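Undergrad: Position 34 (the sequence shown) corresponds to 35 in our numbering; numbering is contiguous. Built from N, CA and C at the ideal position, the CB exists for glycine as well. All figures in this text were calculated on a predicted structure; none of them were measured in a lab. Below are the structure tokens for one structure; questions will follow.
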Amino acid sequence: MTTQDRHETEKLLTPAEVAALFRVDPKTVTRWAKAGKLTSIRTLGGHRRYRESEVRDLLGGGH
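Have a look at this one:
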């Protein structure tokens, strides 16, 4: 499996899910994305989603 395949099949988290993991407000997660601290992916509807592996890495629990 290539890196690109992994990214295409990886679970994506909503801002609310990321916020719950970090115990912050979802607006904080959006600010992090705008500041470049967290990579966001836009859905067709314009909503932000975050790669679970990147979030876990930031939490210190990545593999």
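DSSP has S41 in a bridge; who is on the other side?
TA: Translated into positions along the sequence shown, residue 41 becomes position 40. Its beta-bridge partners are Y51.
Undergrad: Need the endpoints of the alpha helix (DSSP H) that A36 sits in, please.
TA: To locate residue 36, count along the sequence shown from 1; it is residue 35. It is not in any alpha helix (DSSP H) - A36 carries neither H nor E in the DSSP assignment.
Undergrad: Excluding the five sequence neighbours on either side, which residues of its own chain have a C-beta within less than 7 angstroms of the C-beta of L22, listed in chain order?
TA: As a first step, residue 22 is located in the sequence shown; it is residue number 21 there, counting from the start. Excluding residues within five positions, the ones whose Cβ falls inside 7 angstroms are V56 and L60.
Undergrad: Between T15 and the rest of its own chain, which residues show a CB-CB distance below 7 angstroms, the 5 nearest in sequence each way excluded?
TA: Residue numbering aside, residue 15 sits at position 14 when the sequence shown is read from its first letter. Answer for T15: R50, listed in chain order.
Undergrad: Quick check: what's the CA-CA separation for A36 versus G46?
TA: Numbered from its first residue, the sequence shown carries residue 36 at position 35. Numbered from its first residue, the sequence shown carries residue 46 at position 45. So the two alpha carbons sit approximately 22 angstroms from each other.
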